[in-house]
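Down below is the structure, laid out as structure tokens.
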Amino acid sequence: MKILVLNCGSSSVKYKLIDTDGEEVLAEGGVEKVGIDGTFIKFKLADGTKQVRELGKTDHKGSIEAILNVLTDPEVGCIDSYSEIEAVGHRVVHGGEKFSKSVLITPEVEQMVKECYDLAPLHNPANITGIDAMKALLPGVPQVGVFDTAFHQTMPARSFLYPLPYKYYTEDHVRRYGFHGTSHRYVSQRVCEILGVDIRSQKIITCHVGNGGSITAVDGGKSVDTSMGLTPTEGLMMGTRVGDIDPGAITFLMKKHNLSADDVQKLINKESGMLGLSGVSSDMREIEAAVNAGNEQAITALKVYEQRITKYIGAYAAEMGGVDIIVFTGGVGENQTGLRLDVCLPLKFMGVEIDPAVNERTRGTETVISTPESRVKVVVVPTDEELVIARDTRDIVTALGK
15 MKILVLNCGS SSVKYKLIDT DGEEVLAEGG VEKVGIDGTF IKFKLADGTK QVRELGKTDH
75 KGSIEAILNV LTDPEVGCID SYSEIEAVGH RVVHGGEKFS KSVLITPEVE QMVKECYDLA
135 PLHNPANITG IDAMKALLPG VPQVGVFDTA FHQTMPARSF LYPLPYKYYT EDHVRRYGFH
195 GTSHRYVSQR VCEILGVDIR SQKIITCHVG NGGSITAVDG GKSVDTSMGL TPTEGLMMGT
255 RVGDIDPGAI TFLMKKHNLS ADDVQKLINK ESGMLGLSGV SSDMREIEAA VNAGNEQAIT
315 ALKVYEQRIT KYIGAYAAEM GGVDIIVFTG GVGENQTGLR LDVCLPLKFM GVEIDPAVNE
375 RTRGTETVIS TPESRVKVVV VPTDEELVIA RDTRDIVTAL GK
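For what it's worth, my numbering labels the leading residue of the sequence shown as 15, then goes sequentially.
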């Protein structure tokens, strides 16, 4: 089954066309600067080279139409017509408490996604725009929503409740939801396949570390705690997001500098994290270069970044009563060898032992980087959220006989 996987952001649309029969990626790319001047599409050709085409100023519907045109282009495309696309799978960021699994998109589902707009004001409206665009361009083709938050709906109340007055949970749905759920689900399942163990008997800590980052405690295949919260701002220090912070520090700064709520949103989402603390960049490659050049502020920022990851791993091991497997994934987790080593060295008391030579040569490949003697297996597993979306879409469409 040929399935088009779409990830519609506020100003971008990423895509992959996947043939689920052999789980083969037929095409991939994305449109950037959606809705503003200079919209362009970039995509990968069969030989691995990349091509860019200017689109002018184009909205989400126009961007998706450009994607379909590239897929059917006689020179660079991989299908003859739109009709070869049998289903569409959408990444939907926030499902609130409404969705604990992937679902077929119906008018009722669309309405429930819209009811989560206030929880994800930048993402969910873009997700709906993508769904509506596909209805117009490929009428009758089934669409499936796969939610970032769904995997974490197994968390118990002790993990998801905030110690605020209870009415803010019952009336305003303020609680920890967690994100990157599709990634955490994929790598926790995949690592058990790699190691040949039954996920139902394993205590796993999955570290999705990239420009955005989150850590999840997976006990018996179910998420029991995760670091991101009501929004993706909580938890780890990230590229530009602040992560955990004393809320009193926010109100202090608001009063002292006369900051509005919008000012604070910008501060904690766009100006903090590695960018804010290092004064260098949000890009880990540039941070590493600054560290190697002896930049003390960058060195301190990196230590803070790594310490947060170590702290969450230790906390989740305690919460689950132990840990069998630690997984690193995401752009930083898969490629930054020094960070993985620094994060794991303090965990030696738990029986974590990293093979420095294996770790150093492991970038973006499925590899066990712990020693044979390590009581905890430490594994690098590149994530594949699009494959999860394609699989869920195939299963739902097949079950419905679509």
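Cβ coordinates follow ideal geometry from the N, Cα and C atoms, glycine included.
Short Cβ contact (8 Å threshold) for residue i with residue j
i	j	result
S388	E367	yes
R190	F174	yes
T343	V201	yes
T407	V107	no
V102	L31	no
T86	V48	no
A140	S24	yes
E98	K16	yes
A312	S292	yes
H104	G144	yes
R322	G257	yes
S116	I410	yes
Range of the contiguous alpha helix (DSSP H) that encloses residue i
i	result
R354	351-358
Y183	181-184
E302	298-306
I208	195-209
D406	399-413
Range of the contiguous beta strand (DSSP E) that encloses residue i
i	result
C92	Careful: C92 lies outside any beta strand (DSSP E) and carries neither H nor E.
T53	53-58
N21	16-22
K64	64-70
Exposure of residue i, with buried meaning 16 or more beta-carbon neighbours within 10 Å
i	result
Y182	exposed
E111	exposed
E484	Residue numbering for the chain in the displayed model covers 15 to 416; residue 484 lies beyond these limits and cannot be assessed.
F363	exposed
K64	exposed
H5	Since the first residue shown for the chain is 15 and the last is 416, residue 5 is missing from the structure and cannot be characterised.
V232	buried
K217	buried
Y29	buried
E400	buried
Under the three-state DSSP convention, the category residue i falls into
i	result
I323	helix
Y96	helix
Q216	coil
V85	Note on residue identity: the sequence assigns Leu, not Val, to residue 85. Helix, per DSSP.
T168	helix
D233	strand
H187	coil
F113	coil
G227	strand
- Please determine if the region 27-45 and the region 53-62 are in contact, where contact requires at least 3 C-beta pairs separated by less than 8 Å. The region 27-45, when compared against the region 53-62, does touch it at the 8 Å Cβ threshold.
- Item | Inter-stretch contact (C-beta, 8 Å, three-pair minimum) for the region 75-89 and the region 117-134 | Between the region 75-89 and the region 117-134, the count of C-beta pairs closer than 8 Å stays below three; the two stretches do not touch.
- Quick one: any contact between the region 328-343 and the region 234-242, if contact means 3 or more CB pairs under 8 Å? Touching, yes, given that three or more Cβ pairs across the two stretches are closer than 8 Å.
- Could you tell me whether the region 242-252 touches the region 225-233, using the rule of 3 or more Cβ pairs below 8 Å? Contact holds: three or more Cβ-Cβ distances are below 8 Å.
- Given 8 Å, three or more beta-carbon pairs between the region 381-399 and the region 338-354: Contact holds: three or more Cβ-Cβ distances are below 8 Å.
- Are there three or more Cβ pairs, one per stretch, closer than 8 Å when the region 274-291 is compared with the region 251-258? A contact exists between the region 274-291 and the region 251-258.
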